Amino acid sequence: QKFKEARELVKLLDLRKSTLYNVTLVLLEKQYQFFMGGALKPLKLQDVAQELGFNESTISRAISGKYLETEQGIFAFKDFFSNAIGNVSTSEIKSFMQRLIQTEDRTKPYSDKILHERIEEHFGVKMVRRSIAKYRQELDIPSFKERKFLYALEML
């Protein structure tokens with residue numbers, strides 16, 4: 104009985120290992136540009152699950168708490184999955200938003216409305232303005248008023 108249980112456990116561990124390996128292969132294929140120094144592309148857990156013939160929850164459990172070491176650093180598997188607005192990943196939008204704010208005129212910081220307009224114009228997508236505030240908070244970027252105040256303090 105114990106031998107049978109041990110064999111079953113080894114079989115399950117092999118299945119987990121092969122699932123993780125296959126997920127990694129799909130990530131390498133789908134996120135090739137990222138591994139070459141570019142940005143992440145929109146990729147949903149559901150897409151990978153479909154490609155591998157698994158349920159989305161199976162893939163989610165397989166990657167939970169797992170990390171991948173790359174030349175760019177160590178990343179949680181979940182970091183390779185992002186939502187998309189049109190054909191643009193949210194990580195691309197966040198990265199662009201950070202660049203906009205880093206280069207903004209410190210005497211006239213961008214409001215969420217202006218950021219929203221610039222992002223829609225740059226990427227050619229339609230999105231709700233509330234997303235800008237959400238992304239800003241996720242990136243720990245202060246609001247327009249807070250940045251204006253902080254910039255004024257720096258100028259004293």
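Take the position in the sequence shown, starting the count at 1, then add 103; the result is the number in our numbering. Ideal Cβ positions, reconstructed from N, Cα and C, are used throughout, including at glycine. All of these numbers come straight from a predicted model, not from anything done at the bench.
Residue i in three-state terms, based on DSSP
{"i": "V191", "result": "strand"}
{"i": "L128", "result": "helix"}
{"i": "A142", "result": "coil"}
{"i": "S121", "result": "helix"}
{"i": "S185", "result": "strand"}
{"i": "M258", "result": "helix"}
{"i": "L148", "result": "helix"}
{"i": "S246", "result": "coil"}
{"i": "K229", "result": "coil"}
{"i": "Q153", "result": "helix"}
{"i": "Q134", "result": "coil"}
{"i": "Q201", "result": "helix"}
Residue(s) in a DSSP beta bridge with residue i
{"i": "G176", "result": "T173"}
Under 7 Å between C-beta atoms of residue i and residue j
{"i": "K144", "j": "S214", "result": "no"}
{"i": "A236", "j": "E195", "result": "no"}
{"i": "A165", "j": "T210", "result": "no"}
{"i": "R239", "j": "P212", "result": "no"}
{"i": "M139", "j": "I188", "result": "no"}
{"i": "N125", "j": "L171", "result": "no"}
{"i": "H219", "j": "R233", "result": "no"}
{"i": "L253", "j": "K197", "result": "no"}
Whole-Å CB distance - residue i paired with residue j, under 8 Å assumed
{"i": "S163", "j": "L148", "result": "6 Å"}
{"i": "M200", "j": "I217", "result": "Between I217 and M200 the Cβ distance is about 11 Å, and since that is not below 8 Å, they are no contact."}
{"i": "Q136", "j": "F183", "result": "Going by Cβ atoms, the distance from Q136 to F183 rounds to 12 Å, so no, they are not a contact pair."}
{"i": "I177", "j": "I204", "result": "Their Cβ separation, rounded to whole angstroms, is 27 Å, which puts I177 and I204 out of contact at 8 Å."}
N-terminal and C-terminal residue of the alpha helix (DSSP H) that residue i is part of
{"i": "R209", "result": "Where R209 is concerned, there is no enclosing alpha helix (DSSP H), given that its DSSP letter is neither H nor E."}
{"i": "F226", "result": "D215 to F226"}
{"i": "Q240", "result": "R232 to E241"}
{"i": "S163", "result": "E159 to I166"}
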